[in-house]
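Heads up, the thing below is written out as structure tokens.
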Amino acid sequence: MNTPLHPEQLRNLIPLNALSPRQLWELRGRLVPQALAAGRLLERDGRQAPAHYFLLSGSLALVDDDGHETRLQAGTPASCHSLPHAHLRQVRALEDCRLLAVDDADLDRLLSWRQAHQDVLLQLSMDGELGDWLEPLLDNPLFAQVPPANIRSMLQRLVALEVPAGRTLLQEGEAGDCCYFLKSGRAEVARGAGADRQRLAELGPGACFGEEALLEDRPRNASVSMIEDGCVLRLARADFLELLKAPVVGEIDLDDVADLLGCGAQWLDVRLLDEYERGHAMQALSMPLHLLRLKTRLLDHERIYLCYCESGKRSATAVFLLTQLGFTAYALRGGLQALTTEQRDALLWECGTGYLARSDGRIERSL
């Protein structure tokens with residue numbers, strides 16, 4: 004039975020050798036070699052996600068568009084590179100082979116992050132300040148859109164706080180004046196009190212929390228307490244908005260929406276359900292902000308999402324959250340309040356319940 008490769012087995016493969024050990028471990032579960040028997044052709048189905056193919060053992064005959072055939076032998080310098088994407092008509096096994104397929108999107112995402120932040124990590128490593136918390140933090144898709152200069156500025160403005168187990172860092176209902184990054188230890192996210200208290204999540208090193216209140220300019224919607232001794236890094240609200248929100252929360256004008264919708268983009272209405280039912284954009288999915296984390300299973304990472312609400316604050320939070328989860332999203336600039344009466348009526352002309360969306364092969368309503 005085939006098993007995933009160990010990261011050390013990937014060190015000679017280019018460009019996998021440019022990834023960090025953590026990134027390779029992230030890929031590991033999907034790096035399972037596949038067999039190709041002698042005489043068989045490599046089937047590269049255009050309906051499947053594009054992939055880089057590496058030859059791990061055996062030999063292949065590569066036939067280009069002009070009919071010229073070359074031989075690729077495992078263990079040679081040429082086999083350290085992936086098979087050519089373009090101008091390759093046929094790949095045939097000359098003997099029993101093992102091949103490794105790496106999803107193009109996964110690889111490009113990890114390489115983009117690594118290259119964009121390499122200088123930051125290098126400088127911190129030289130200064131002896133690179134901890135286990137930073138790579139998990141920067142590995143978040145959110146930071147793929149944050150310029151390295153902003154990350155350096157952010158790290159300089161963080162204030163470290165040693166906190167004991169049991170200390171509450173964020174209190175539900177209080178105003179938000181900062182967010183935190185967890186450098187060490189573990190924390191718990193909970194909502195409610197007493198018999199109504201509900202545990203929502205457990206956070207580990209690298210986690211960011213408290214940002215939703217800053218984006219919405221509303222009270223905290225949950226409490227966060229330490230469940231073991233640790234260290235948190237505090238980022239003030241003004242620094243968060245300048246360094247993280249500004250480059251991450253992309254906005255779009257109504258005049259530019261038609262082109263994106265024509266290319267397959269999808270409206271997301273992040274208002275409450277009763278607001279949605281009174282009028283929503285054509286085929287918009289109802290995704291109330293407080294349910295968005297749960298409802299992202301209905302969304303497609305290959306699709307662009309356009310978020311709207313009344314003022315633009317909820318949609319900005321939605322875009323920030325979706326970006327953290329690896330989606331591409333934009334907020335309607337200024338929200339619905341920025342539209343003229345005619346524009347609003349033309350946009351929100353559908354009424355009633357939510358549209359259907361796919362989730363793991365099932366069909367579900369977005370409500």
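Residue 4 is where the sequence shown starts when you use the working numbering, and the numbers rise one by one after that.
Positions of the beta carbon are idealized from the N, C-alpha and C atoms, including for glycine.
Where the beta strand (DSSP E) through residue i begins and ends
i: E165; result: V162 to V166
i: Q269; result: Q269 to D272
i: D277; result: Where D277 is concerned, there is no enclosing beta strand (DSSP E), although the alpha helix (DSSP H) it sits in stretches over L276 to R281.
i: D106; result: C100 to D106
i: A204; result: Q201 to L206
i: A193; result: A190 to R194
i: A334; result: T331 to L335
i: L173; result: T171 to L173
i: L295; result: Note, L295: premise wrong, no beta strand (DSSP E); alpha helix (DSSP H) at L295 to K298.
i: F184; result: C181 to S187
Buried versus exposed, by CB contacts within 10 Å (16 or more), residue i
i: M285; result: exposed
i: C310; result: buried
i: L351; result: buried
i: D277; result: exposed
i: S289; result: buried
i: R50; result: Caution applies to R50, whose pLDDT of 49 falls short of 50 and renders its modelled position unreliable; the value that the coordinates give is listed next. It counts as exposed.
i: P208; result: buried
i: L246; result: buried
i: E219; result: buried
i: V35; result: exposed
i: C266; result: exposed
i: T326; result: buried
i: E177; result: exposed
i: R14; result: exposed
i: R317; result: buried
i: E214; result: buried
i: H55; result: buried
i: T320; result: buried
i: G357; result: buried
i: A204; result: exposed
i: A196; result: exposed
i: C354; result: exposed
i: A268; result: buried
i: G179; result: buried
i: A287; result: buried
i: H283; result: buried
i: A216; result: buried
i: A152; result: exposed
i: A96; result: buried
i: E40; result: It should be noted that the sequence gives Ala, not Glu, for residue 40. Exposed, because fewer than 16 other Cβ atoms sit within 10 Å of the Cβ of A40.
i: A210; result: buried
Top-ranked residue by Cα proximity to residue i, from the options
i: L44; options: S62, R33, L27 and L217; result: S62
i: L181; options: D348, R281 and D242; result: The question names Leu, but residue 181 in the sequence shown is Cys. Ranking D348, R281 and D242 by Cα distance to C181 puts D242 first.
i: E138; options: G357, D107, F184 and A108; result: F184
i: G70; options: H90, S85 and A77; result: H90
i: L275; options: C266, P53 and L292; result: L292
i: E231; options: E177, T171, G213 and A287; result: T171
i: L271; options: Y308, E46 and V235; result: Y308
i: F323; options: L301, K248 and H283; result: K248
i: F16; options: R95, D262, L103 and A287; result: First, the residue type needs correcting, since residue 16 is Leu and not Phe in the sequence shown. With distances taken between Cα atoms, L16 lies closest to L103.
i: S60; options: L75, P53 and D68; result: L75
i: R281; options: L58, D99 and D348; result: D348
i: A168; options: L113, A152, C234 and P151; result: C234
i: R237; options: V273, R95, F212 and P87; result: F212
i: S314; options: Q37, L114, R194 and V273; result: V273
i: L22; options: C312, R240, L113 and R95; result: L113
i: R33; options: G42, F57, L8 and N224; result: L8
Opening and closing residue of the alpha helix (DSSP H) in which residue i lies
i: V252; result: No alpha helix (DSSP H) holds V252; DSSP gives it neither H nor E.
i: E231; result: No alpha helix (DSSP H) contains E231, which DSSP labels as neither H nor E.
i: S314; result: Where S314 is concerned, there is no enclosing alpha helix (DSSP H), given that its DSSP letter is neither H nor E.
i: L350; result: T344 to L350
i: F243; result: R240 to F243
i: L264; result: V260 to G265
i: L141; result: L137 to L141
i: L218; result: E214 to E219
Next on the checklist: Could you tell me which whole beta strand (DSSP E) segments of length 3 or greater appear in the stretch 18–97?
Outcome noted: 37–39, 54–60, 62–67, 72–76 and 91–96
Checklist entry - Counting Cβ pairs, one atom from each stretch, are 3 or more of them under 8 Å apart for the stretch 249–259 and the stretch 319–339? => result yes
Checklist entry - Taking one C-beta from the stretch 292–302 and one from the stretch 184–201 each time, how about it: are there three or more such pairs within less than 8 Å? => result no
Next on the checklist: If contact is defined by three or more beta carbon pairs under 8 Å, each pair taking one atom from either stretch, is the stretch 187–197 in contact with the stretch 137–157?
Outcome noted: no
Next on the checklist: Taking 8 Å as the cut-off, does the stretch 161–170 touch the stretch 140–153 (at least 3 CB pairs, one atom from each stretch)?
Outcome noted: no
Checklist entry - Counting pairs of Cβ atoms below 8 Å between the stretch 104–114 and the stretch 70–79, do you hit three or more? => result no
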